[in-house]
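Using our numbering, you'd call the opening residue of the sequence shown number -8 and step up by one each time.
Have a look at the structure below before the remarks.
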Amino acid sequence: MTGMSPYVFEQDWFTANLPRFRRHLSHLRDTPCRLLEIGAHEGRATTWMAETLLGHAEARLDAVDLFVQRRLRENVARTGRGAQIRVLPGASREVLPRLDPGSYDFVYIDGSHATVDVLEDAVLGFRLARIGGVIAFDDYLWTDPLDARRGAPKPAIDAVLAIYAPLIEVLEHGPQVWLRKRAEHA
Ligand SMILES: C[S@@+](CC[C@H](N)C(=O)[O-])C[C@H]1O[C@@H](n2cnc3c(N)ncnc32)[C@H](O)[C@@H]1O
């Protein structure tokens, strides 16, 4: 962020992933796209998507977080596109089943990093994505020795890649995993 940025952030879990967001999402610019972010935190990814991908008046972004900070709401308002963004408070496993299945062009899974939670976000997120939609997982290679009891994203993402293999195209497999939904499951 430059000194001219209107936003206030403390953490930066996003900038390193910016080339991936550009690579896999640029086709959504100026389209009436539907975007879903699971785990918005302060809104770094949220504000980038708002500025870059919500140019079309019909484009929409849903941002889910268990703990919605005032800073997230303020940063969302500073995008000038707040009317196109819904901030949805709550646990993703409760919020996601209320959203429209098969409707999202992009689902970013970056909420809880516990293995079972990532698995649940993936199953629910896959259902919410449209065919041709992109799904991304953050922190594929992340481990936290202090939180080993709850596990890490990798086993869940590996299971998703195996179980959904006939229904997906893997776009990128590295620190983040990006895939395209090719077909609906039965
Ligand atoms: C790593 S941060 C997200 C970073 C953000 N996507 C970015 O790029 O700047 C993870 C966020 O997920 C939220 N979170 C944790 N568990 C969650 C859950 N079960 N449902 C929804 N959000 C959750 C946390 O409150 C936190 O704000």
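Even for Gly, the Cβ is constructed at its ideal location relative to N, Cα and C.
Item, Value
"Beta carbon shell of ligand 1 at less than 5 Å from a heavy atom", "4, 5, 30, 32, 35, 36, 56, 57, 58, 82, 83, 101, 102, 103"
"Distance cut-off 7 Å: residue 145 Cβ against heavy atoms of ligand 3", "Ligand 3 is not part of the structure shown, which contains ligand 1 as its ligands."
"Status (buried if at least 16 other CB within 10 Å, exposed otherwise) for residue 133", "exposed"
"Where residue 96 sits in the DSSP three-state scheme", "strand"
"Buried or exposed (CB count within 10 angstroms, at least 16 for buried), residue 2", "exposed"
"Pair within 8 Å by beta-carbon distance, residue 131 and residue 75", "no"
"N-terminal and C-terminal residue of the beta strand (DSSP E) that residue 128 is part of", "120 to 128"
"Residues near residue -8 by beta carbon distance below 6 Å, same chain, minus five either side", "Because residue -8 sits at a pLDDT of 46, beneath the cut-off of 50, its placement in the model cannot be relied upon, and the following sentence gives the value as read from the coordinates. Here the set comprises nothing."
"Distance between residue 27 and residue 91 (C-alpha atoms, nearest Å)", "11 Å"
"Straight-line Cα distance separating residue 48 from residue 139", "44 Å"
"Helix, strand or coil at residue 169 according to DSSP, with G and I counted as helix", "strand"
"Opposing strand residues paired with residue 144 [DSSP bridges]", "Bridge partners of residue 144: none, in fact."
"Rounded distance between the beta-carbons of residue 15 and residue 110, thought under 8 Å", "Between residue 15 and residue 110 the Cβ distance is about 22 Å, and since that is not below 8 Å, they are no contact."
"6 Å CB neighbourhood of residue 31 in its chain, flanking five on each side removed", "37, 54, 56, 63"
"Same chain, Cβ closer than 6 Å to residue 5, neighbours up to 5 away in sequence not counted", "35, 36"
"Own chain residues within Cβ distance below 6 Å of residue 99, not counting five before or after", "28, 127"
"N-terminal and C-terminal residue of the beta strand (DSSP E) that residue 80 is part of", "76 to 80"
"Residue 16 - containing alpha helix (DSSP H), residue span", "9 to 16"
"Beta-carbon proximity list for residue 82, same chain, < 7 Å, skipping 5 on both sides", "57"
"C-beta atoms of residue 135 and residue 143 nearer than 8 Å", "yes"
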